[in-house]
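*Asks:* Residue numbers (mature numbering (1 follows the signal peptide of the UniProt record, and there is no 0)): -29 to -1, 1 to 224.
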């Protein structure tokens, strides 16, 4: 019976590798933004419990963080909004109203976006709730293979990813763009990220600030199907066996 050469064994290992890759189910992208309007459940609670969106069923939680320390702005609230309808949220002494046309930040109709609402340290709503700035921490129950974020209407410096997986980030600051433009960036192997939206102390818009909305897609890590781990083991065994045979052949030459 003819012996299998080391090269043939390498080809077998490569074929097994292809088989393993084929057995891995492709992860599907899903919207980061819930596809319904309401206020996102954060550590601040919701103004109206009947209009509250719990994101834990989507695999992540949202924490609202102090926007600028002693700079005049506290923790912002976060909403999901589409311009196709008008909505009012009221409670805890606050009333937030979104009309079908905002004073400055207006995404396309029928698109769901995260919409932050700034609140001052004294509990007031700047611009009647239409100052779209905030700082939020999103934490996922599982590591996401990739997350692509779309930022709407970044017109001044200030919008940025501040932390990724608990580590400070200094180079993911979005540049000032055109009115109603969309800038995108993709993060990989994400367990958590901290994002700042907009700029309340905007040098370009000192009276109104630079409001920014957010949306995106998430891709979970693919889960190996049953038996895939065994196939990976076979791949390693065949590869090592091929290398040993090659070494033995060389020593006999």
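Every residue, glycine too, gets a C-beta built ideally from N, C-alpha and C.
Quick caveat, the model's predicted, so the values are computed rather than measured.
Less than 8 Å between the CB atoms is what I'm expecting for residue 30 and residue 85, so what's the real figure, rounded?
*Replies:* Taking the first residue of the chain shown as 1, we reach residue 30 at position 59. Taking the first residue of the chain shown as 1, we reach residue 85 at position 114. Not confirmed; about 16 Å, so no contact.
*Asks:* How big is the Cα-Cα spacing for residue -9 and residue 157?
*Replies:* Along the chain shown, read from residue 1 onward, the residue named residue -9 stands at position 21. Along the chain shown, read from residue 1 onward, the residue named residue 157 stands at position 186. For residue -9, the pLDDT reaches just 40, beneath the cut-off of 50, and the residue's location in the model is therefore unreliable, although a value from the coordinates is still provided. Going from the Cα of residue -9 to the Cα of residue 157 covers about 23 Å.
*Asks:* So, helix, strand or coil for residue 217, using DSSP?
*Replies:* Your numbering for residue 217 matches position 246 in the chain shown. Confidence is the limiting factor: at residue 217 the pLDDT is only 43, short of 50, which leaves the residue's position unreliable, though a coordinate-based value still follows. Looking at residue 217 - three-state DSSP - the assignment turns out to be helix.
*Asks:* According to DSSP, is residue 18 part of a helix, a strand, or is it coil?
*Replies:* Your numbering for residue 18 matches position 47 in the chain shown. Three-state DSSP puts residue 18 in coil, outside helix and strand.
*Asks:* For my contact list, residue 113 and residue 74 are in at a C-beta cut-off of 8 Å; report their separation, rounded to the angstrom.
*Replies:* As a position in the chain shown, residue 113 is number 142, starting the count at 1. As a position in the chain shown, residue 74 is number 103, starting the count at 1. So it is not a contact: roughly 39 Å between Cβ atoms.
*Asks:* Counting only the same chain and skipping the five closest in sequence on each side, list residues whose C-beta sits under 6 Å from that of residue 1.
*Replies:* Here residue 1 is taken as the residue at index 30 of the chain shown, counted from 1. Taken in chain order, the residues that qualify are 189.
*Asks:* So, at 6 Å on beta carbons, what are the nonlocal neighbours of residue 173 in its own chain, with the 5 sequence-adjacent residues on each side left out?
*Replies:* Your numbering for residue 173 matches position 202 in the chain shown. Taken in chain order, the residues that qualify are 127, 180, 181.
*Asks:* Taking 8 Å as the threshold, find out whether the segment 61 to 79 comes into contact with the segment 127 to 147 through three or more Cβ pairs.
*Replies:* Touching, no.
*Asks:* Does the beta-carbon distance from residue 37 to residue 28 come in below 8 Å?
*Replies:* Within the chain shown, numbered from 1, the residue matching residue 37 stands at position 66. Within the chain shown, numbered from 1, the residue matching residue 28 stands at position 57. Cβ distance not < 8 Å, so residue 37 and residue 28 don't count as in contact.
*Asks:* In angstroms with no decimal places, state the Cα-to-Cα distance between residue 219 and residue 192.
*Replies:* Counting from 1 along the chain shown, the entry for residue 219 is found at position 248. Counting from 1 along the chain shown, the entry for residue 192 is found at position 221. Any answer about residue 219 is weak, because its pLDDT of 41 lies below 50 and its placement is not dependable; what the coordinates show is given next. Taking the straight line from one Cα to the other gives about 40 Å.
*Asks:* For residue 79, does the count of other Cβ atoms within 10 angstroms reach 16, so buried, or fall short, so exposed?
*Replies:* Numbered from its first residue, the chain shown carries residue 79 at position 108. Exposed, by the Cβ-count rule.
*Asks:* DSSP state of residue 141, grouped into three classes?
*Replies:* As a position in the chain shown, residue 141 is number 170, starting the count at 1. Note: residue 141 maps to coil in three-state DSSP.
*Asks:* Using the C-alpha atoms, what's the distance from residue 119 back to residue -2?
*Replies:* The count along the chain shown starts at 1 and reaches residue -2 at position 28. The count along the chain shown starts at 1 and reaches residue 119 at position 148. Cα to Cα, the separation comes out at about 13 Å.
*Asks:* Identify which residue in 52, 44, 178 has its Cα closest to the Cα of residue 8.
*Replies:* As a working mapping, residue 8 is identified with position 37 in the chain shown. When each option's Cα is compared against that of residue 8, the closest is 52.
*Asks:* Can you tell me whether residue 170 is buried or exposed? The criterion is at least 16 other CB atoms within 10 Å of its CB, across all chains shown.
*Replies:* Position 199 of the chain shown, counted from the first residue, corresponds to residue 170. It is buried - the Cβ of residue 170 has at least 16 other Cβ atoms within 10 Å.
*Asks:* Where do the N-terminal and C-terminal ends of the beta strand (DSSP E) with residue 63 fall, by residue?
*Replies:* One-based indexing of the chain shown puts residue 63 at position 92. Taken as a continuous stretch (DSSP letters only), residue 63 belongs to no beta strand (DSSP E), as it is neither H nor E.
*Asks:* For residue 155, write down the residues that DSSP places opposite it in a beta bridge.
*Replies:* Looking up residue 155 in the chain shown gives position 184. For residue 155, which the question treats as bridged, DSSP gives the partners 121.
*Asks:* Taking 8 Å as the cut-off, decide whether the C-beta atoms of residue 43 and residue 103 are in contact.
*Replies:* As a position in the chain shown, residue 43 is number 72, starting the count at 1. As a position in the chain shown, residue 103 is number 132, starting the count at 1. Taking 8 Å as the Cβ cut-off, residue 43 and residue 103 do not qualify as a contacting pair.
*Asks:* Using beta-carbon positions only, say whether residue 183 and residue 125 come within less than 8 Å of one another.
*Replies:* Along the chain shown, one-based indexing puts residue 183 at 212. Along the chain shown, one-based indexing puts residue 125 at 154. Going by C-beta atoms, residue 183 is nearer than 8 Å to residue 125.
*Asks:* Taking all protein chains shown into account, do 16 or more other C-beta atoms lie within 10 angstroms of the C-beta of residue 101, making it buried, or fewer, making it exposed?
*Replies:* Position 130 of the chain shown, counted from the first residue, corresponds to residue 101. Result: buried.
*Asks:* Check the DSSP bridge columns for residue 24 and list the partner residues they point to.
*Replies:* For the purposes of this step, residue 24 is taken as residue 53 along the chain shown, with counting starting at 1. Residue 24 pairs with 11.
*Asks:* By how many angstroms is the C-alpha of residue 22 removed from the C-alpha of residue 49?
*Replies:* Numbered from its first residue, the chain shown carries residue 49 at position 78. Numbered from its first residue, the chain shown carries residue 22 at position 51. Taking the straight line joining both Cα atoms gives about 12 Å.
*Asks:* May I ask you to list the residues that DSSP assigns as paired with residue 35?
*Replies:* The residue labelled residue 35 in the question sits at position 64 within the chain shown. According to DSSP, which records beta bridges pairwise, residue 35 is partnered with 107.
*Asks:* Going by beta carbon distance, what residues of the same chain come within less than 7 Å of residue 154, once the five residues before and after it are set aside?
*Replies:* Indexing the chain shown from 1 puts residue 154 at position 183. Result list for residue 154: 122, 125, 145, 148, in chain order.
*Asks:* Anyone know if the C-beta pair for residue 163 and residue 136 falls short of 8 Å?
*Replies:* Position 192 of the chain shown, counted from the first residue, corresponds to residue 163. Position 165 of the chain shown, counted from the first residue, corresponds to residue 136. Contact flag set, yes.
*Asks:* Below 7 Å CB to CB, which residues in the same chain sit around residue 17 once its five sequence neighbours on both sides are set aside?
*Replies:* Within the chain shown, numbered from 1, the residue matching residue 17 stands at position 46. Result list for residue 17: 10, 23, in chain order.
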